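Trainee: Protein chains in written order, with our numbering: chain A, 96 to 425; chain B, 617 to 911.
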């Protein structure tokens, strides 16, 4: 690893950071603009039924207190400046500061997504290589059809069927939550047993994409000259498959992992809601159901930032693995 | 036909040889039949079988699948097969409306960016990049949360999150068309920008845009069902595939699997059929890109 490469990577990261600032500004601005255009009235939501009988003066005072009498651009700017100092407002549905909600829940979402993604990458590699080994074989056709069917299946539906099978019929795994309802403390054993089903379902929802790309990558590599040369030299089929084809076929797929963040967030939104997993994705759905704007705005911004980081990661890995790519071109 | 010619082992995707051609034909035929069956069911069943969707028969509640009720009945004693067909109709309508809206927006934006070029192009593509940095479902959830309830917020939210890919495809197509001789000929013949755009570029772009629209329908259906499942989309008394799965949660936890299983299959089968059909179509209009995955 030469030092110019690291320098180039740092410059790419810096450039992306500069691009991320306007993106986040525009996204937060858009969030406030959509909220301003919607018929939703924060004062009525805040005061509830009390707003029905209140006179116009009281409502105006309440508006001024909540700061919603100002135009949305002013509110956006106020939100932005206080967000930079760490104050993201109060979540009405969680009855906590938004920053605290995120802090408490982020770790559970990260755990779920990391375990699910690792499982999907492992299983996808195995299935993809098995399918690519003999294109058109019964095994290949089963794996490919299964992948396309799973890709089409709604993940929340898979989650419900998994609950029915593993929690209700077989009774081997808990149906949801982070711990048993009776237990007071969060123990590692409880978390692991409660993690298996949601992580498994999330992994299965990410699996088809990975399997199909590995299948194609390895399949293409098997038809290339280095493999033909290795076979001609009498190298064993196992070494050809794992040493040559898998190595050159898997690398481009691994670099794409970073660009899968949006799909991972989408999957997490649905899986966490079905399994009542206490992560930020489930909190997003709760915030949306209760029209908890401060929480929703913060989580949308956070998800956008995660996507940008994922894209940067994908580009960095791509340049790192493929020496022909110049970072300055990206 | 047992010979597996090694010459045809060019790439993985063409390696099925002569046997492969029949597999592909079979796949396309199955897709055609399934899409036709879906469209016919959705168009014909509701006028033929008049049903009061709210009709409740508690004596027949949660019956397992049988000859009288092939999909069983739900927790209010309603026939699930019929509910699924009605749900598919709503989901397909919402999906198609969203897909058409997204395609029109995407084509207009992409064509404008590609045809005008320069700073307009750069600006538009920056906007496309920015919007696509927000995960689709999250943006959709945000929009329906602010505007719900009802059909229109769902259509708008799905359309607003799906025009980006079409815009990119159409822009790339327009850029590649701009340097073609017949476009050059039109320009040097004195045709106005507008005339070139409408007479030369648009007809050439339409097949790609139409293909994108067809592929988007299952995607939009999926989004509708996800939003409705989360309780943020269509109202629960409207039978859509998402609301059916949502309202089946109670019976599922009581051990009845059929109210959950069948609506999900009604999402998967049309999705696969449309993808199969669109894949064959893509091979026709774009034979060189055959090796691409149909995801």
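Cβ atoms here follow ideal geometry from the backbone N, Cα and C, with glycine treated the same way.
These figures come from a predicted structure and were not determined experimentally.
Would you kindly work out how many angstroms separate the C-alpha atoms of residue 741 of chain B and residue 729 of chain B, rounded to a whole number?
Mentor: Position 125 of the second chain, counted from the start, is the residue given in the question as residue 741 of chain B. Position 113 of the second chain, counted from the start, is the residue given in the question as residue 729 of chain B. Going from the Cα of residue 741 of chain B to the Cα of residue 729 of chain B covers about 8 Å.
Trainee: Where residue 867 of chain B and residue 262 of chain A are concerned, what is the direct C-alpha to C-alpha distance, given to the nearest angstrom?
Mentor: The sequence position of residue 867 of chain B within the second chain is 251, counting from 1. The sequence position of residue 262 of chain A within the first chain is 167, counting from 1. If you take the alpha carbons of residue 867 of chain B and residue 262 of chain A, they lie about 14 Å apart.
Trainee: Less than 9 Å between the beta carbons of residue 167 of chain A and residue 220 of chain A, yes or no?
Mentor: What you label residue 167 of chain A is simply residue 72 of the first chain in a count that begins at 1. What you label residue 220 of chain A is simply residue 125 of the first chain in a count that begins at 1. Cβ atoms of residue 167 of chain A and residue 220 of chain A: not closer than 9 Å.
Trainee: Enumerate, from N- to C-terminal direction, the unbroken beta strand (DSSP E) stretches of 3 or more residues contained entirely within the region 265-332 of chain A.
Mentor: Runs found: none.
Trainee: Taking only beta-carbon positions, decide if residue 352 of chain A is within less than 9 Å of chain B.
Mentor: To locate residue 352 of chain A, count along the first chain from 1; it is residue 257. Not closer than 9 Å to any Cβ of chain B, the Cβ of residue 352 of chain A fails to qualify, so no.
Trainee: Please identify, using Cβ separations under 9 Å, the residues of the region 736-763 of chain B that lie next to chain A, in order along the chain.
Mentor: Cβ contacts with chain A come from 742, 743, 745, 746, 747, 748, 749, 750, 751, 752, 753, 754, 755, 757, 758, 759, 760, 761, 762, 763.
Trainee: Suppose you measure from the CA of residue 134 of chain A to the CA of residue 308 of chain A; what does that come to, to the nearest Å?
Mentor: Position 39 of the first chain, counted from the first residue, corresponds to residue 134 of chain A. Position 213 of the first chain, counted from the first residue, corresponds to residue 308 of chain A. Their Cα atoms are separated by approximately 44 Å.
Trainee: Measuring CA to CA, which of B/847, B/723, B/674 is closest to residue 823 of chain B?
Mentor: For the purposes of this step, residue 823 of chain B is identified with residue 207 of the second chain, where counting begins at 1. Cα-wise, what sits closest to residue 823 of chain B is B/723.
Trainee: Rounded to the nearest angstrom, how far is the Cβ of residue 832 of chain B from that of residue 778 of chain B, given a contact under 8 Å?
Mentor: As a working mapping, residue 832 of chain B is identified with position 216 in the second chain. As a working mapping, residue 778 of chain B is identified with position 162 in the second chain. Contact holds; Cβ gap of about 6 Å.
Trainee: Between the Cα of residue 768 of chain B and the Cα atoms of B/684, B/663, B/676, B/710, which residue gives the shortest distance?
Mentor: The residue you call residue 768 of chain B lines up with position 152 of the second chain. When each option's Cα is compared against that of residue 768 of chain B, the closest is B/710.
Trainee: Cβ closer than 7 Å: which chain B residues qualify as neighbours of residue 249 of chain A?
Mentor: Reading the first chain from its first residue, position 154 is the one you call residue 249 of chain A. Those within 7 Å of residue 249 of chain A in chain B are 838, 841, 842, 880, 883.
Trainee: Can you list, in chain order, the residues of its chain with a C-beta nearer than 7 Å to that of residue 628 of chain B? Leave out the 5 residues immediately preceding and following it.
Mentor: Within the second chain, the letter at position 12 stands for residue 628 of chain B. Confidence at residue 628 of chain B is low in this model, with a pLDDT of 42, below 50, so its placement is unreliable and no value can be given for it.
Trainee: Rank B/642, B/873, B/843, B/719 by C-alpha distance to the C-alpha of residue 687 of chain B and give the top, closest one.
Mentor: Here residue 687 of chain B refers to the residue found at position 71 when the second chain is read from its first residue. When only C-alpha atoms are compared, the closest one is B/873.
Trainee: Starting from the C-beta of residue 227 of chain A, find all residues in its chain whose C-beta is less than 6 Å away, skip the five residues before and the five after it, and write them out in chain order.
Mentor: Within the first chain, the letter at position 132 stands for residue 227 of chain A. 310, 313, 314, listed in sequence order.
Trainee: Apply the 10 Å Cβ neighbour rule to residue 320 of chain A and answer buried if 16 or more other Cβ atoms are within range, or exposed otherwise.
Mentor: For the purposes of this step, residue 320 of chain A is taken as residue 225 along the first chain, with counting starting at 1. The residue is exposed, with fewer than 16 neighbouring Cβ atoms inside 10 Å.
Trainee: Which whole-angstrom value describes the C-beta separation of residue 407 of chain A and residue 111 of chain A, a residue pair presumed to lie in contact below a C-beta threshold of 8 Å?
Mentor: On the first chain, residue 407 of chain A is found 312 positions in, with the first residue counted as 1. On the first chain, residue 111 of chain A is found 16 positions in, with the first residue counted as 1. Yes, residue 407 of chain A and residue 111 of chain A are in contact; Cβ-Cβ is about 5 Å, under 8 Å.
Trainee: Any contact between the region 796-810 of chain B and the region 734-750 of chain B? By contact I mean 3 or more CB pairs, one from each, below 8 Å.
Mentor: No contact exists between the region 796-810 of chain B and the region 734-750 of chain B.
Trainee: In chain A, what lies closer than 7 Å to residue 888 of chain B by C-beta?
Mentor: As a first step, residue 888 of chain B is located in the second chain; it is residue number 272 there, counting from the start. The answer, in chain order, is 243, 244, 247.
Trainee: So, helix, strand or coil for residue 180 of chain A, using DSSP?
Mentor: Looking up residue 180 of chain A in the first chain gives position 85. Residue 180 of chain A falls in the coil class under three-state DSSP.
Trainee: Would you call the region 842-855 of chain B and the region 883-902 of chain B in contact, with 3 or more CB pairs under 8 Å?
Mentor: No, the region 842-855 of chain B does not touch the region 883-902 of chain B.
Trainee: Which residues in chain A have a C-beta closer than 7 Å to the C-beta of residue 871 of chain B? List them in chain order.
Mentor: Taking the second chain and counting its residues from 1, one reaches residue 871 of chain B at position 255. Here the neighbours are 263.
Trainee: Is the number of C-beta pairs between the region 363-371 of chain A and the region 332-341 of chain A that are closer than 8 Å three or more?
Mentor: Segments in contact, no.
Trainee: Does residue 215 of chain A come within less than 9 Å of chain B when only Cβ atoms are used?
Mentor: Counted from its first residue, the first chain places residue 215 of chain A at position 120. Chain B, which has no Cβ nearer than 9 Å to the Cβ of residue 215 of chain A, makes this no.
Trainee: Please confirm if residue 300 of chain A has its CB atom under 9 Å from at least one CB of chain B.
Mentor: Within the first chain, numbered from 1, the residue matching residue 300 of chain A stands at position 205. No, no contact with chain B.
Trainee: Which value, in whole angstroms, describes the spacing of the CA atoms of residue 681 of chain B and residue 881 of chain B?
Mentor: Indexing the second chain from 1 puts residue 681 of chain B at position 65. Indexing the second chain from 1 puts residue 881 of chain B at position 265. Near 15 Å, if we compare the C-alpha coordinates of residue 881 of chain B and residue 681 of chain B.
Trainee: Who pairs with residue 191 of chain A in a beta bridge, going by DSSP?
Mentor: By one-based count along the first chain, residue 191 of chain A stands at place 96. The partner list for residue 191 of chain A (beta bridge, DSSP) reads A/186.
Trainee: Express the C-alpha separation of residue 213 of chain A and residue 348 of chain A in angstroms, rounding to a whole number.
Mentor: Your numbering for residue 348 of chain A matches position 253 in the first chain. Your numbering for residue 213 of chain A matches position 118 in the first chain. Approximately 14 Å, taken between the alpha carbons.
Trainee: If contact is defined by three or more beta carbon pairs under 8 Å, each pair taking one atom from either stretch, is the region 788-805 of chain B in contact with the region 393-400 of chain A?
Mentor: Flag = no, the region 393-400 of chain A and the region 788-805 of chain B do not touch.
Trainee: Nearest CA to the CA of residue 888 of chain B: which residue from B/659, B/690, B/865, B/651?
Mentor: Looking up residue 888 of chain B in the second chain gives position 272. Out of B/659, B/690, B/865, B/651, B/651 has the C-alpha closest to the C-alpha of residue 888 of chain B.
Trainee: In the structure shown, what three-state DSSP assignment does residue 691 of chain B receive?
Mentor: Sequence index remark: in the second chain, residue 691 of chain B carries index 75 (1-based). Residue state, collapsed to three classes: coil.
Trainee: I'd like to know if residue 168 of chain A contacts chain B, where contact means its C-beta is closer than 9 Å to some C-beta of that chain.
Mentor: Indexing the first chain from 1 puts residue 168 of chain A at position 73. With 9 Å as the cut-off, residue 168 of chain A does not count as an interface residue toward chain B.
Trainee: Evaluate residue 623 of chain B with the Cβ neighbour count: other Cβ atoms within 10 Å of its Cβ, from every protein chain shown; 16 or more gives buried, anything less gives exposed.
Mentor: By one-based count along the second chain, residue 623 of chain B stands at place 7. Per-residue confidence for residue 623 of chain B stands at a pLDDT of 39, beneath the threshold of 50, marking its modelled position as unreliable; the derived number appears in the next sentence. So residue 623 of chain B ends up on the exposed side.
Trainee: Can you round the beta-carbon distance between residue 222 of chain A and residue 210 of chain A to whole angstroms, since I take them to be within the 8 Å contact cut?
Mentor: What you label residue 222 of chain A is simply residue 127 of the first chain in a count that begins at 1. What you label residue 210 of chain A is simply residue 115 of the first chain in a count that begins at 1. At roughly 18 Å, the Cβ-Cβ gap does not stay under 8 Å, so residue 222 of chain A and residue 210 of chain A are not in contact.
Trainee: Going by DSSP in three states, residue 730 of chain B sits in which element: helix, strand or coil?
Mentor: Here residue 730 of chain B refers to the residue found at position 114 when the second chain is read from its first residue. The answer is helix: DSSP assigns residue 730 of chain B an H, G or I state.
Trainee: How long is the line joining the alpha carbons of residue 191 of chain A and residue 165 of chain A, rounded to whole angstroms?
Mentor: Residue numbering aside, residue 191 of chain A sits at position 96 when the first chain is read from its first letter. Residue numbering aside, residue 165 of chain A sits at position 70 when the first chain is read from its first letter. Straight-line Cα distance between these residues: approximately 25 Å.
Trainee: Looking only at its chain, what residues have a beta carbon closer than 6 Å to the beta carbon of residue 773 of chain B, apart from the 5 residues adjacent to it on each side?
Mentor: By one-based count along the second chain, residue 773 of chain B stands at place 157. The answer, listed in chain order, is 756, 759, 760.
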